[in-house]
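Below: the structure, in C-alpha cells.
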Amino acid sequence: MDIQQLYYFMNIVECGCNLSLAAKKIHITQSALSQLIINFEANEELTLFYRKNGRLESLTPSGEKLYTYAQEITQLHEQMNEMVRKEAAKQKGTIRIGLPSLILRIFFSSFFPKLMMDNPNIQLEIVEGGSNYLRKMLFQNDLDYAILIEPTSLDPKSFEEHVIQIDEMTAFVYHTHPLAHKKRLSWRDLESFPVATFNESFTTYELVTEKLKKEKSNAQIKLTSSSWDYLVEATQESNIVAVLPSPIERTMDKNLFVEIPFKEPIPFNVLLCRPIKGNYNDVEGLVYESILSYFYQPIVE
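Residue 273 is where the sequence shown starts when you use this note's numbering, and the numbers rise one by one after that.
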C-alpha cells in the first residue's frame with residue numbers, strides 16, 4: 273500500500289468497517305474503496321477483514337497488525353511533511369515567534385513592522401496565546417522563538433532564556449472602588465472583593481493563585497479571561513479587583529481606572545526563549561539579536 277492507500281485503510285477501520293460511511297467521509301466511491309481492499313488481499317495473499325454476508329465485519333489479526341503499522345507510518349508521514357514546511361519557511365526567511373497578546377501590543381507593536389521594513393527578506397509569523405500554550409508549542413518545536421513570562425519551566429539544557437523586560441503585577445480598580453484611595457495593597461486587602469485575572473492558559477493565573485496561598489489570603493478568583501481590557505472594564509460594574517501586569521496601565525483611561533501596586537508584588541518578567549541548537553541560520557540570528565538590542569537597557573552609573 274502507498275501512503276494514500278494506508279489513509280484509506282485506516283479510514284475504513286475507524287468507520288467501523290462501514291465502506292459506505294468511509295467512502296462518504298473521504299469523498300471517493302464505495303466501489304473504489306472496496307476494490308482497494310480486494311486487490312491488496314489478492315495480491316498479497318493476505319486477509320485483512322473478516323466478512324459476514326459479503327460485508328466487512330472486523331479486522332483479522334493480520335489486519336490489526338497492519339493497522340498498527342499504518343498509524344505509525346501516517347503519523348511519521350505527517351511529521352515529515354510538517355518538518356518540510358518548516359524548513360522551507362526558514363529557507364525563505366520565515367521566523368515563527370509566539371507571544372502573549374498583551375506583550376505583542378505593548379512591547380512589540382512598533383518593533384516587528386520596523387524589523388520587516390528594514391529587512392525585506394524576513395517574513396514573520398506571529399502566534400498569539402498564553403504563556404502555557406506557547407511554552408508547549410516551543411517544546412514541540414512549533415516555534416522558533418517564544419516570549420514567555422517567568423518562570424518558564426523550560427529545561428536550561430535545552431532552551432536559552434534572556435530577560436528583556438522587568439516589571440510586576442498590580443491591581444486595577446474603578447475610581448469609585450473602596451480601595452481606590454490606597455497607595456499600596458496587601459494581598460489580604462483583596463479578601464472582601466472578587467478577584468479577576470487572566471485565565472489558566474496564562475502563567476499569570478498560576479502566579480496569582482500561588483501568591484494568594486503564600487500570603488494566606490482568602491481572596492477568591494471569580495472572573496478570568498484572555499482579554500485584559502475586558503478584565504479592567506469589568507471593574508466598572510462591580511467591586512472587582514483585576515490583578516494584571518502593570519504595563520496594562522499604558523492602555524487604560526486613567527480618569528476612570530486606578531492602578532495600585534502591592535506591598536509584596538508578583539514579579540512580571542518577560543523572557544525571550546529559543547531552543548539551543550548547534551547552529552542558527554542567518555535569519556534566526558538576525559531576529560534574535562534585533563530583539564535583544566531593542567530591549568537592551570545600558571546601566572547608567
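Each residue gets a CB set at the ideal place from its N, CA and C atoms; glycine is no exception.
Whole-number beta carbon distance between residue j and residue i, since they are thought to touch under 8 Å
| i | j | result |
| --- | --- | --- |
| GLY402 | PHE474 | 4 Å |
| THR442 | ILE375 | The Cβ separation is near 16 Å, so there is no contact. |
| LEU516 | LEU503 | 6 Å |
| ALA294 | ASN311 | Going by Cβ atoms, the distance from ALA294 to ASN311 rounds to 16 Å, so no, they are not a contact pair. |
| LEU320 | LEU331 | 7 Å |
| LEU328 | CYS289 | 4 Å |
| PHE383 | TYR566 | 6 Å |
| ARG522 | ILE378 | 6 Å |
Backbone CA spacing between residue i and residue j [nearest angstrom]
| i | j | result |
| --- | --- | --- |
| TRP500 | PHE444 | 11 Å |
| ASP554 | THR476 | 34 Å |
| PRO570 | GLN351 | Any reading at PRO570 is ruled out, since the residue's pLDDT is 46, under 50, leaving its predicted position unreliable. |
| MET409 | PRO537 | 29 Å |
| THR469 | TYR560 | 31 Å |
| GLU422 | ILE345 | 38 Å |
| LEU543 | LYS429 | 16 Å |
| GLU354 | ASN413 | 11 Å |
| PRO333 | VAL285 | 13 Å |
| SER292 | SER373 | 46 Å |
| LYS549 | LEU457 | 44 Å |
| GLN276 | LEU484 | 54 Å |
| ALA314 | GLU433 | 58 Å |
| THR340 | CYS287 | 16 Å |
| SER497 | TYR405 | 15 Å |
| GLU505 | MET524 | 9 Å |
| ILE493 | ILE367 | 37 Å |
| ILE563 | ILE300 | 50 Å |
Cβ-based neighbour list, residue i, same chain, cut-off 6 Å, excluding 5 preceding and 5 following
| i | result |
| --- | --- |
| VAL530 | VAL445, HIS447 and ALA452 |
| PHE465 | ASN511 and VAL513 |
| TYR417 | ILE369 and ARG546 |
| LYS518 | Residue identity check: residue 518 is Ser in the sequence provided, not Lys. Same-chain partners within the cutoff: ASP439, GLU440 and THR442. |
| VAL399 | GLY370 |
| ILE298 | ASN283 |
Same chain only: Cβ atoms within 8 Å of residue i, ignoring 5 sequence neighbours per side
| i | result |
| --- | --- |
| LYS454 | ASP461 and ILE532 |
| GLU573 | Its pLDDT being 43, under 50, GLU573 is placed unreliably by the model, and nothing is read from it. |
| ASN541 | ILE421, GLU422, VAL435, GLN437, ILE438 and ASP439 |
| THR507 | PHE444, VAL445, TYR446, HIS449, ALA468, VAL513, ALA514 and PHE529 |
| TRP459 | LYS483, LEU484, GLU487, SER489, ALA491, PHE534 and GLU536 |
| SER425 | ARG407 |
| LEU558 | ASN391 and ILE394 |
Terminal residues of the alpha helix (DSSP H) in which residue i lies
| i | result |
| --- | --- |
| LYS297 | 291-298 |
| ASP501 | 500-505 |
| LYS485 | 475-486 |
| PHE281 | 275-286 |
Residue range of the unbroken beta strand (DSSP E) whose run includes residue i
| i | result |
| --- | --- |
| LYS549 | LYS549 -> no beta strand (DSSP E), and no H or E assigned at all. |
| LEU495 | 493-497 |
| ILE512 | From DSSP, ILE512 is part of no beta strand (DSSP E); its letter is neither H nor E. |
| PHE380 | First-last for PHE380: undefined, no H or E at that position. |
| PHE321 | 321-324 |
Helix, strand or coil at residue i according to DSSP, with G and I counted as helix
| i | result |
| --- | --- |
| LEU305 | helix |
| PRO517 | strand |
| SER330 | strand |
| PHE567 | helix |
| ILE394 | coil |
| VAL572 | Any reading at VAL572 must be qualified, since the residue scores a pLDDT of 42, below 50, and its modelled position is unreliable; no value is offered. |
| PRO539 | strand |
| MET441 | strand |
| LEU415 | coil |
| LYS468 | According to the sequence as given, residue 468 is Ala; it is not Lys. Strand, per DSSP. |
| GLY370 | strand |
| HIS434 | strand |
| ARG456 | coil |
| GLU400 | strand |
| LYS526 | coil |
| LEU420 | strand |
| LYS429 | coil |
| GLU336 | helix |
| GLU531 | strand |
Within-9 Å CB hit, residue i to chain D
| i | result |
| --- | --- |
| LEU451 | The structure shown has no chain D; it contains just one protein chain. |
Same chain, Cβ closer than 7 Å to residue i, neighbours up to 5 away in sequence not counted
| i | result |
| --- | --- |
| MET273 | PHE281 and PHE312 |
| ALA342 | LEU278, PHE281 and MET282 |
| ASN490 | GLU463 |
| TYR322 | GLU329, SER330 and THR332 |
| MET388 | ILE394 and LEU396 |
| LEU318 | SER334 |
| GLU509 | none |
Any non-hydrogen atom of the ligand HEM within 8 Å of residue i CB
| i | result |
| --- | --- |
| VAL515 | The model depicted lacks the ligand HEM and carries no ligand whatsoever. |
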